[in-house]
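Below: the structure, in structure tokens.
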Amino acid sequence: LNVLREAETPIAGIIANMAGYRCPHCGQVSNLFDRTPSDIQTLAEELHVRYLGQVPFAGPEERKQALQEILNGILRNPPVRLDKKKGGMTRWLLDKVLK
Numbered sequence: 006l007n008v009l010r011e012a013e014t015p016i017a018g019i020i021a022n023m024a025g026y027r028c029p030h031c032g033q034v035s036n037l038f039d040r041t042p043s044d045i046q047t048l049a050e051e052l053h054v055r056y057l058g059q060v061p062f063a064g065p066e067e068r069k070q071a072l073q074e075i076l077n078g079i080l081r082n083p084p085v086r087l088d089k090k091k092g093g094m095t096r097w098l099l100d101k102v103l104k
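Taking the numbering used here, the leading residue of the sequence shown gets 6, the next gets one more, and so forth.
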């Protein structure tokens, strides 16, 4: 996100990708990684970026449905620009290159 922030690139939000696997036998959802979708949502809140949702580690139809819901959310809310950090080498280089 820092690169996007420095380049003043609009950010639609953060998506939790491969967010859980539902066992086809018992229906229990297990996380594939050490972070849960709620951890990603908390991170988005801390970074002042919208949490757009989660895409499960699942079959094509379930992924398609999740992505459609995320896309609908993006279309309802315009992307945001994060405040630039003042100072720093990256900011200085960007200012020199972009002038």
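For glycine and all other residues, C-beta sits at the position ideal for the given N, C-alpha and C.
Owing to the predicted nature of the structure, the values given are computational and were not obtained by experimental measurement.
> Hey, how far is the Cα of V125 from the Cα of Y26?
Replying inline: What the structure shows of the chain is the stretch from 6 to 104, and residue 125 is not part of that stretch, so it cannot be assessed.
>> Quick check: what's the CA-CA separation for A24 versus T14?
In response: Position 19 of the sequence shown holds residue 24. Position 9 of the sequence shown holds residue 14. The alpha-carbon separation between A24 and T14 amounts to approximately 26 Å.
> Three or more beta-carbon pairs under 8 Å between the stretch 36–47 and the stretch 73–81, yes or no?
Replying inline: Taking a contact to require three or more Cβ pairs closer than 8 Å, the stretch 36–47 and the stretch 73–81 do not qualify as touching.
>> Which residues does DSSP list as the beta-bridge partners of R27?
In response: Looking up residue 27 in the sequence shown gives position 22. By DSSP's assignment, R27 forms a beta bridge with V34.
>> For K91, count the other beta carbons within 10 Å of its own beta carbon; 16 or more makes it buried, fewer makes it exposed. Which is it?
In response: As a working note, residue 91 is residue 86 in the sequence shown. Bear in mind that the predicted position of K91 carries a pLDDT of just 49, short of 50, making it unreliable; the figure below should be weighed with that in mind. It is exposed - the Cβ of K91 has fewer than 16 other Cβ atoms within 10 Å.
> Smallest Cα separation from D39: which of N7, Q70 and N22?
Replying inline: Here residue 39 corresponds to residue number 34 of the sequence shown, with the count starting at 1. Of the candidates N7, Q70 and N22, the one whose C-alpha sits nearest the C-alpha of D39 is N22.
> Near E74, what residues of its chain come up, given a Cβ to Cβ distance below 7 Å and the 5 sequence neighbours on each side ignored?
Replying inline: Position 69 of the sequence shown, counted from the start, is the residue given in the question as residue 74. Taking C-beta separations shorter than 7 Å and ignoring five residues to either side along the sequence, the partners of E74 in its chain run G58, following chain order.
>> Could you pull the DSSP bridge partners for A21 from this structure?
In response: On the sequence shown, residue 21 is found 16 positions in, with the first residue counted as 1. Partner(s): Q59.
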